[in-house]
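Line by line, the protein sequences are chains A and B. Each residue of the first sequence is one higher than the last, beginning at 1 in our numbering. Each residue of the second sequence is one higher than the last, beginning at 1 in our numbering. Heads up, the beta-carbon is just placed ideally off N, CA and C, and yes, glycines get one too. Keep in mind it's a predicted model, so treat the numbers as computed, not measured. See below for the structure under consideration.
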Amino acid sequence: MAEREGLFHAFLIKYAEIGIKGKNRYLFEDALMRQIRFALRGAEGKFSVRKETGRIYVEEEGAFDPDEVTERLGRVFGISGICPMVQFEYKEFADIRERVVDYAGRVHPEGNFTFKVQTKRANKGFPMDSNEINARLGEALLEAYPSLKVNVHEPDVFFYVEVRERVNLYSRVLPGPGGMPVGTSGKAMLLLSGGIDSPVAGYMTAKRGVSIDAVYFHAPPYTSERAKQKVVDLAKIVSRYSGPMKLHVINFTDIQLCIYDQCPHEELTIIMRRYMMRIAEAIAKESGALALVTGESIGQVASQTLPSLACTGEVCDLPVIRPVIGFDKQEIVDIALKIDTFETSIQPFEDCCTIFVAKHPVIKPNRKIIRRSEEKLAGKIEEMVKTALETREVVEIQAP
Amino acid sequence: MRRNEKGVGPGKQYDRTDQEDEEAMEAYLDNSATTKVFEPVKDIVVKAMTEDYGNPSSLHKKGVEAERYVKAAAESVAKTLRAAPSEIIFTSGGTESNNMAVIGAARAMRRAGKHLITTTIEHPSVSNVFRYLEEEEGFSVDYIPVDENGHVRQDALLAALREDTTLVSVMYVNNEIGSRNPVGEIGAVIKKKNPKTLFHVDAIQAYGKYRICPKREQIDLLSVSGHKIHGPKGVGFLYVKSGTKLLPVVYGGGQQKGMRSGTHNVPGIAGMGEAARLIYEDHEEKIRAMYGLKKRFVELVTDLPGTKINGLTGEESAPHVVSVSFEGIKSEVLLHALEDKGIFVSSGSACSSNHPALSGTLRGIGLKRELLDATLRFSFSVFTTEEEIRYTAEVLKELLPMLRRYARR
Numbered sequence: 001m002a003e004r005e006g007l008f009h010a011f012l013i014k015y016a017e018i019g020i021k022g023k024n025r026y027l028f029e030d031a032l033m034r035q036i037r038f039a040l041r042g043a044e045g046k047f048s049v050r051k052e053t054g055r056i057y058v059e060e061e062g063a064f065d066p067d068e069v070t071e072r073l074g075r076v077f078g079i080s081g082i083c084p085m086v087q088f089e090y091k092e093f094a095d096i097r098e099r100v101v102d103y104a105g106r107v108h109p110e111g112n113f114t115f116k117v118q119t120k121r122a123n124k125g126f127p128m129d130s131n132e133i134n135a136r137l138g139e140a141l142l143e144a145y146p147s148l149k150v151n152v153h154e155p156d157v158f159f160y161v162e163v164r165e166r167v168n169l170y171s172r173v174l175p176g177p178g179g180m181p182v183g184t185s186g187k188a189m190l191l192l193s194g195g196i197d198s199p200v201a202g203y204m205t206a207k208r209g210v211s212i213d214a215v216y217f218h219a220p221p222y223t224s225e226r227a228k229q230k231v232v233d234l235a236k237i238v239s240r241y242s243g244p245m246k247l248h249v250i251n252f253t254d255i256q257l258c259i260y261d262q263c264p265h266e267e268l269t270i271i272m273r274r275y276m277m278r279i280a281e282a283i284a285k286e287s288g289a290l291a292l293v294t295g296e297s298i299g300q301v302a303s304q305t306l307p308s309l310a311c312t313g314e315v316c317d318l319p320v321i322r323p324v325i326g327f328d329k330q331e332i333v334d335i336a337l338k339i340d341t342f343e344t345s346i347q348p349f350e351d352c353c354t355i356f357v358a359k360h361p362v363i364k365p366n367r368k369i370i371r372r373s374e375e376k377l378a379g380k381i382e383e384m385v386k387t388a389l390e391t392r393e394v395v396e397i398q399a400p
Numbered sequence: 001m002r003r004n005e006k007g008v009g010p011g012k013q014y015d016r017t018d019q020e021d022e023e024a025m026e027a028y029l030d031n032s033a034t035t036k037v038f039e040p041v042k043d044i045v046v047k048a049m050t051e052d053y054g055n056p057s058s059l060h061k062k063g064v065e066a067e068r069y070v071k072a073a074a075e076s077v078a079k080t081l082r083a084a085p086s087e088i089i090f091t092s093g094g095t096e097s098n099n100m101a102v103i104g105a106a107r108a109m110r111r112a113g114k115h116l117i118t119t120t121i122e123h124p125s126v127s128n129v130f131r132y133l134e135e136e137e138g139f140s141v142d143y144i145p146v147d148e149n150g151h152v153r154q155d156a157l158l159a160a161l162r163e164d165t166t167l168v169s170v171m172y173v174n175n176e177i178g179s180r181n182p183v184g185e186i187g188a189v190i191k192k193k194n195p196k197t198l199f200h201v202d203a204i205q206a207y208g209k210y211r212i213c214p215k216r217e218q219i220d221l222l223s224v225s226g227h228k229i230h231g232p233k234g235v236g237f238l239y240v241k242s243g244t245k246l247l248p249v250v251y252g253g254g255q256q257k258g259m260r261s262g263t264h265n266v267p268g269i270a271g272m273g274e275a276a277r278l279i280y281e282d283h284e285e286k287i288r289a290m291y292g293l294k295k296r297f298v299e300l301v302t303d304l305p306g307t308k309i310n311g312l313t314g315e316e317s318a319p320h321v322v323s324v325s326f327e328g329i330k331s332e333v334l335l336h337a338l339e340d341k342g343i344f345v346s347s348g349s350a351c352s353s354n355h356p357a358l359s360g361t362l363r364g365i366g367l368k369r370e371l372l373d374a375t376l377r378f379s380f381s382v383f384t385t386e387e388e389i390r391y392t393a394e395v396l397k398e399l400l401p402m403l404r405r406y407a408r409r
């Protein structure tokens, strides 16, 4: 690795989906560049991100840790591949040959593989054409490393050589996360709990280019300060992917107790969820979000059966996006592990509010009955919702 | 709507009425978790960090200055135990002292036998060490039960003692309910049956509350932590009776006669030495005052309906711990409700259902299952005032009916 550290000074960013967006393409590219800049902000080193003839380059100015940079770039949606790249000046072909041979020895020390040289000659003034450069570089590599073989159809390694004002040379393509750059598809309001599912739902929504704000329902003393800290920590992890977000912390205790006092206990969770949706929608509309996002998955718990989802979804006009709706728990856990929210999610702080969970909650709520139960809250709860919205705390979340 | 730019950092961020009311009452009743340092302790720690910051192992003057702090601290704590300074080994705290005592003694004596005894109500820094020795090093361990007051059953202990028992470890004061074991009697039982068996006492909750004399109580090893007696965190000591066979657990540069390698934590050690000296100054008076507070608190709490005090409540148990079960209330909810009123306590056990390890002590004394996670520990210190006690009782009186109204149906 130390070998490579001084070697790479730039990254070529490949992007797939945004390449096909026609005239809006520049919007997507600009968003991608912005997200790349954001992702690299906390990294060691100074970077310039620029666009040149339909490609994005990240170039460093000074010392940096290539592993850290590739890790951070690996979290930027819209990137399909990250190519650590060597850039060098040249006068004549001998310069290029020498650098390519040196590069191959350092970056692919394993020695015995098949390869192909793929040259692009943007500098039309260069005296050789690309086929000739391919052939001459191939020869040079075979001569320097006799254990290599050429395979032009299915090589193990492509050496990409771009002859421009300088030469760009790369051979490794690290996979990016795919998706679309955040900020290209509007904003959504995520209902973030301390559990496993909702951070994953936020991640998946952000992957499609949607920026995220989040709302958390805090119920002191039934949920502790640590439970809230856990949600803040989860939001920070999600924001590594989604970019900075606002976390709205709603004090939900009075509303919860009011429902507890007035409504049948088996309906408590459903009615509570309905108020959470209403509050989330109010914040969403205020902050220009176009949809709500939840971590619900059909049938996972009583409040997530299809009738329950219909019942909680009916209280808002905004579409409710449920990215993990068809996933089994294990599938959600796998993503949570991949994006690093799992360890935080399983910290056991949240379930002191079990008193608000009936032993036998309704699993097929009848909407008419639920609406009638809610009528008993009229006259008191509106004021409480208003207060909860007004007194909410807004935490600015930014990944380090 | 309030903006919080920094996120939730240390310190409270969400609304509390006490933000408007600077004079809001606060009662820190979690002194068994940790204590506030004495002012002179802070001063000596700062001095050892900023002026006399040498390494006691250095040969030059700076080293000699630092060494003086360590010597003074060893003398100070040794004096409180009527022991010799050479019998004190400084550690990183209670947990390390317990590890060192149990592992160090078990290993040092393993040729004489591989049978060990402890109790069912030890702190995890003792019980998990025994579990480790059992599972990984082939020792066999007997766990002696306690009676309903949290006292070790001496008949069971006597029956468990064998020819090849090399170590018995018993806590002096229980950290959850404050029960006090008669370590002198227990020492006599052990030594009468088998004089070679080592006797370790975890005195982390007892030191500073009782005058302990290891020699008279036939204790070979005694663990103490600095921050429970208004000293700094990250420092403690193990008393090792001279001549006791003990293997080190930490190896390295051979400091402290090879028993505990690593550069001395001079500021911590100096601070603990000072705290030990101060806590035993006018000691009887301090303890009498603490018993007064305890008595008052017990009276006030007993008057509240649906409460049960665990363990003995008078001077038979430690002066600083009162364990209370509240029927029909989840301890963690009550804890946070108290916190909201500026009262800081510990829960008797974990609230969360994800956390199966309900308190060993509370189960050990036969507390009913439904009270296991309805129990709080209130613990006092020399800084605790009568006003705090009264305020806490008032707040409880107000909160209990409110919280009981909202129970899981």
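query                                                                                                             : result
Under the three-state DSSP convention, the category B:Gly113 falls into                                           : coil
Contained alpha helix (DSSP H) runs [length at least 4] in the stretch 149–207 of chain A, N- to C-terminal order : 197–207
Reduced DSSP secondary structure (H/G/I, E/B, other) of A:Phe11                                                   : strand
Chain-ordered chain A contacts of B:Asp340 [CB-CB under 8 Å]                                                      : Pro220 and Pro221
For A:Gly74, the residue or residues it bridges with in DSSP                                                      : Answer is none; A:Gly74 lacks a bridge partner.
Own chain residues within Cβ distance below 6 Å of A:Ala16, not counting five before or after                     : Ser80
Inter-residue spacing [alpha-carbon to alpha-carbon] between B:Val382 and B:His227                                : 13 Å
Cβ shell of A:Val315 (< 7 Å), same chain only, five flanking positions each side left out                         : Arg274, Met277 and Arg278
Own chain residues within Cβ distance below 7 Å of B:Tyr251, not counting five before or after                    : Ser261
Residues sharing a beta bridge with B:Lys308, DSSP                                                                : B:Ser325
Neighbour flag for B:Ala337 against chain A, beta carbons, 7 Å                                                    : yes
Neighbour flag for A:Ser185 against chain B, beta carbons, 7 Å                                                    : no
Against chain B: residues of the stretch 187–205 of chain A by CB proximity under 7 Å                             : none
Length-filtered (3 minimum) beta strand (DSSP E) runs lying within the stretch 122–158 of chain B                 : 140–144
Range covered by the alpha helix (DSSP H) that runs through A:Gln347                                              : Element bounds for A:Gln347: n/a, residue is neither H nor E.
Buried versus exposed, by CB contacts within 10 Å (16 or more), B:Cys213                                          : exposed
Cβ-Cβ separation, B:Ile144 to B:Ala160 (assumed contact under 8 Å), whole Å                                       : 6 Å
Residue burial classification, B:Lys330 (beta-carbon count within 10 angstroms, cutoff 16)                        : buried
N-terminal and C-terminal residue of the beta strand (DSSP E) that B:Tyr239 is part of                            : Gly236 to Val240
Chain A within 7 Å of B:Val345, Cβ atoms only                                                                     : no
Environment of B:Ile117 [buried if 16+ CB atoms lie within 10 Å]                                                  : buried
CB contact check: B:Tyr132 to chain A, cutoff 7 Å                                                                 : no
Local Cβ density within 10 Å of A:Asp233, reported as buried at 16 or more and exposed below that                 : buried
Residues sharing a beta bridge with A:Ser211, DSSP                                                                : A:Lys187
Assigned exposure category for A:Asp213 - 16 Cβ within 10 Å defines buried                                        : buried
Delimiting residues of the beta strand (DSSP E) encompassing A:Cys248                                             : It is worth fixing the name first, because residue 248 of chain A is His in this sequence and not Cys. Where A:His248 is concerned, the enclosing beta strand (DSSP E) stretches over Met245 to Asn251.
Where A:Ser297 sits in the DSSP three-state scheme                                                                : coil
Per DSSP, cross-strand counterpart(s) of A:Ser373                                                                 : Paired residues: none, contrary to the question.
Helix, strand or coil at B:Ser317 according to DSSP, with G and I counted as helix                                : coil
Which listed residue (A:Gly195, A:Val395 and A:Ala302) has its alpha carbon closest to that of A:Lys246           : A:Val395
Within chain B, partners of A:His275 - CB distance below 7 Å                                                      : The residue asked about is misnamed: residue 275 of chain A is Tyr in this sequence, not His. Those within 7 Å of A:Tyr275 in chain B number zero; the least Cβ separation is about 17 Å.
C-beta neighbour in chain B for A:Tyr260, strict 7 Å                                                              : yes
Helix, strand or coil at B:Pro182 according to DSSP, with G and I counted as helix                                : coil
Opening and closing residue of the beta strand (DSSP E) in which B:Asp202 lies                                    : Leu198 to Asp202
Beta-carbon separation (whole angstroms), A:Thr205 vs A:Ile321, contact threshold 8 Å                             : 6 Å
Cross-strand partners of B:Lys257 (DSSP beta bridge)                                                              : B:Lys257 pairs with nothing; no bridge assigned.
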